[in-house]
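If you're matching positions, the sequence shown starts at -6 in this note's numbering and goes up one per residue. Cβ coordinates follow ideal geometry from the N, Cα and C atoms, glycine included. None of these values were measured; they are calculated from a predicted model. The structure appears right after this line, and notes come after that.
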Amino acid sequence: MKIKKLTSVVLGAAMTAMMLAGCGSSADAGTPAPAATSGTEATTTTPDTPAPAAEANGKKVGVSMPTKDLQRWNQDGDNMQKELIAAGYEVDLQYAANDVQQQLSQVENMVANGCDVIVIAAIEGSSLGEALDMAAAANIPVIAYDRLIMNSDAVSYYATFDNYMVGTIQGKYVVDALDLDNADGPFNIEFTAGDPGDNNAGYFFNGAYDVLKKYVDEGKLNVVSGQNTFDAVATPGWKTETAQSRAENILSSNYTDKDVDVWLCSNDSTALGVENALAANYNGKYPIITGQDCDIENTKNMIAGKQSMSVFKDTRTLASQVVKMVGQILNGETVDVNDTTTYDNGVKVVPSFLCEPIFADASNYEKILIESGYYTADQLK
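Here it is in structure tokens:
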């Protein structure tokens, strides 16, 4: 298989420019902030924490993250907590160990304890109804963070990256790497998608598949396993070991006498599972492997040639945008959104702010990840 080098200099420069733009000004008119109740707890400060602004004084923000098991959620929680504290808010940051009932209980406690705004990265988008009803009854705005909360009118705003674009970036990377518009093929491809309970997972998969579908239809891309629908390739909990087990089964059933040319994985935890399966059960030509999040282990694998790329979503820019939105809500200001049509949660179209993702690979990771301060060089050794 002849792999065409991406035009990394041109794409890298363009993508870096997008990163710098990231969560810039909103494209659409903002949405007026709903009213919010005031908390009663006093904000504490430390010598390293700026004194709270007058309008932030006494305001409390709840932040509910799904798990500490994935690196990115630790980074999201830490980044948001630091920025909220620096802005003068008291922060109640909770991780739910990927347990839906635990997250439900934690959010209910945030409501009971007088949080003025609650930010939620939901484990399962349709399982927080009772807690959201409590928040609505207490007039507490809710921001869905990176994962859309479904089937509730209590969701005030949604802040995320352009999740469909994540998939299109992965798909276009494959098109360029294989030179599909010029190559005869056929090339063998497999897909590993994300958690069916995560609304974003469908956007990731659909974005990639919409780019690649015409090449599948033309026969240039051959899905040897026959598994090319989201339901068939989804990975509950985004678990590495689940992705590995499925990949091992696909390899043993379909690739004992042929090469897999591409394995399109929706994120890094599933990509790591595929990479583990390849290391243990595959002797053919090494495939192109996509990912998302630029986790440390996966970035090391990119450097070592075991993963081709990862879509980078700079959680610092997303955290900054959410902190900005929190302030706008609590100050009764117009809240920045740039999408008012796409994200229908089954009850309402949720006003959203979408940040732009970019891709990183072995040719540009130093500029995107190290020079930006996201990682140190020592972390990637």
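Could you have a look at residue i and say whether DSSP puts it in helix, strand or coil?
i	result
L63	coil
A376	What is shown of the chain runs -6 to 374, which leaves residue 376 out entirely.
M302	strand
E83	strand
L173	coil
Q220	coil
L362	helix
A270	helix
N144	coil
A236	helix
V253	coil
E117	coil
Y336	coil
K341	coil
A14	With a pLDDT of 39 at A14, under the threshold of 50, the predicted position of this residue should be treated as unreliable, and no value is reported.
T283	coil
I162	helix
Are the beta-carbon atoms of residue i and residue j separated by less than 8 Å?
i	j	result
Y275	L323	no
D155	L347	yes
L180	G187	Residue identity differs from the one stated: residue 180 is Phe in this sequence, not Leu. Cβ distance not < 8 Å, so F180 and G187 don't count as in contact.
G55	C108	yes
D126	A105	no
A297	G284	no
T333	N72	no
Y208	S345	no
E241	A194	no
By a C-beta neighbour count over all protein chains shown, 10 Å radius and 16 as the cutoff for buried, is residue i buried or exposed?
i	result
S246	exposed
D261	buried
D191	buried
E349	buried
G339	exposed
N91	buried
E371	Per the sequence presented here, residue 371 reads as Asp, with Glu not at that position. Exposed, because fewer than 16 other Cβ atoms sit within 10 Å of the Cβ of D371.
V342	exposed
E364	exposed
A227	buried
E76	buried
T454	With the chain represented from -6 up to 374, any question about residue 454 goes unanswered, as that position is not in the structure.
K53	buried
What is the rounded straight-line gap between the Cα of residue i and the Cα of residue j?
i	j	result
T153	V112	12 Å
P280	W256	7 Å
Y88	M58	5 Å
K206	M158	16 Å
K232	C287	16 Å
T289	N199	Strictly speaking, residue 289 in this sequence is Ile, with Thr absent from that position. Near 26 Å, if we compare the C-alpha coordinates of N199 and I289.
G212	N175	13 Å
K374	G366	15 Å
T60	P229	14 Å
P134	V167	41 Å
T369	D210	43 Å
A201	Q163	6 Å
M103	G118	18 Å
E123	A355	46 Å
D224	A79	43 Å
A312	V253	38 Å
For chain C, check one thing: does any of its Cβ atoms lie closer than 8 Å to the Cβ of residue i?
i	result
G212	In summary, chain C is missing from the structure at hand, where a single protein chain is found.
Cβ contact check for the segment 324 to 331 and the segment 80 to 99: 3 or more pairs under 8 Å: no
Just checking, does the segment 136 to 143 make contact with the segment 200 to 218 on the three C-beta pairs under 8 Å criterion? no
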